[in-house]
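Asker:
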């Protein structure tokens, strides 16, 4: 069964460093998303992406964040200068229209 | 924005009993989805119910949706120890660009 994959599973970085989180959505899906979940809190929407551009973004998704689909399969989230409060689990998801969003296993980002 | 809020926050039952979790939201939705999350792991999609549906079944899961009350319930019948997890409802406005809005979740513990 096709699934969303994410790498790495765990990323540790120093405050101020740039990180890139990678996702491979399900191949025939059209919409791609990033969410985050701070430990013990609810899952929060960051951004959606369709047709090679951002469709919608939340207030969390500020100038420090960017997304890219560099080729036909990968979907990345970049955080330019990480802060302590960026420590969270980051989930990628993909969707074929008007159906359920399928989530990847997540990348745990720890900012020291 | 839509907002799913589950209750109870925590539920502990004996194996074999049924577990019922509720979700309320605030604005119009196109669909409502339920996800399961095992501790520290990814989100597993359980079931999607559209706004024009009132009830849906999948195996031991039964979901109801009452759009007049802006509420949904998830029933797990004949619970098993493996059902121990956090359960989240997530609402979507319908268009693929829209991110899901998650509730805080119900932490379900099945005691053997």
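Residue numbers (my numbering), protein chains in the order written: chain A, -2 to 109; chain B, 91 to 202.
Glycine is no exception: its CB is placed at the ideal position from the N, C-alpha and C atoms.
According to DSSP, residue 40 of chain A sits in a beta bridge with which residue or residues?
Answerer: A:34, per the DSSP bridge assignment.
Asker: Decide yes or no for the touch test of the region 164 to 176 of chain B against the region 24 to 31 of chain A: beta carbon pairs closer than 8 Å, at least 3 of them.
Answerer: Not touching, per the Cβ criterion.
Asker: Is DSSP giving residue 171 of chain B helix, strand or coil here?
Answerer: Residue state, collapsed to three classes: helix.
Asker: Mind pulling the chain A residues with CB within less than 8 Å of residue 189 of chain B?
Answerer: Correct list: 30, 32, 42, 43, 44, 45, 53 and 55.
Asker: What separation, rounded to the nearest whole angstrom, lies between the Cα atoms of residue 104 of chain A and residue 5 of chain A?
Answerer: In a straight line, the C-alpha of residue 104 of chain A is about 6 Å away from that of residue 5 of chain A.
Asker: With distances taken between CB atoms, is the gap from residue 160 of chain B to residue 115 of chain B smaller than 7 Å?
Answerer: Yes, the Cβ-Cβ distance between residue 160 of chain B and residue 115 of chain B is below 7 Å.
Asker: Please name the residue in A:23, A:76, A:49 and A:80 whose C-alpha comes closest to that of residue 60 of chain A.
Answerer: With distances taken between Cα atoms, residue 60 of chain A lies closest to A:76.
Asker: For residue 147 of chain B, would you say it is in contact with chain A, using Cβ-to-Cβ distances shorter than 7 Å as the test?
Answerer: Answer no: the Cβ-Cβ gap between residue 147 of chain B and chain A never drops below 7 Å.
Asker: Check the Cβ-Cβ distances between residue 135 of chain B and every residue of chain A, and say whether any is below 7 Å.
Answerer: Yes, because at least one Cβ of chain A sits closer than 7 Å to the Cβ of residue 135 of chain B.
Asker: Would residue 99 of chain B count as contacting chain A if we go by Cβ distances under 7 Å?
Answerer: Closer than 7 Å: no.
Asker: Closer than 9 Å, Cβ to Cβ, to anything on chain A: give me those residues from the region 113 to 131 of chain B, in chain order.
Answerer: Correct list: 120, 121, 123, 125, 127, 130 and 131.
Asker: Near residue 92 of chain B, what residues of its chain come up, given a Cβ to Cβ distance below 7 Å and the 5 sequence neighbours on each side ignored?
Answerer: Per-residue confidence for residue 92 of chain B stands at a pLDDT of 47, beneath the threshold of 50, marking its modelled position as unreliable; the derived number appears in the next sentence. Contacts found: 115, 116, 117, 119, 181, 183 and 191.
Asker: Please name the residue, chosen from A:89, A:108 and A:106, that lies closest to residue 134 of chain B on a Cα-to-Cα basis.
Answerer: Residue A:89 is the option with its Cα nearest to residue 134 of chain B.
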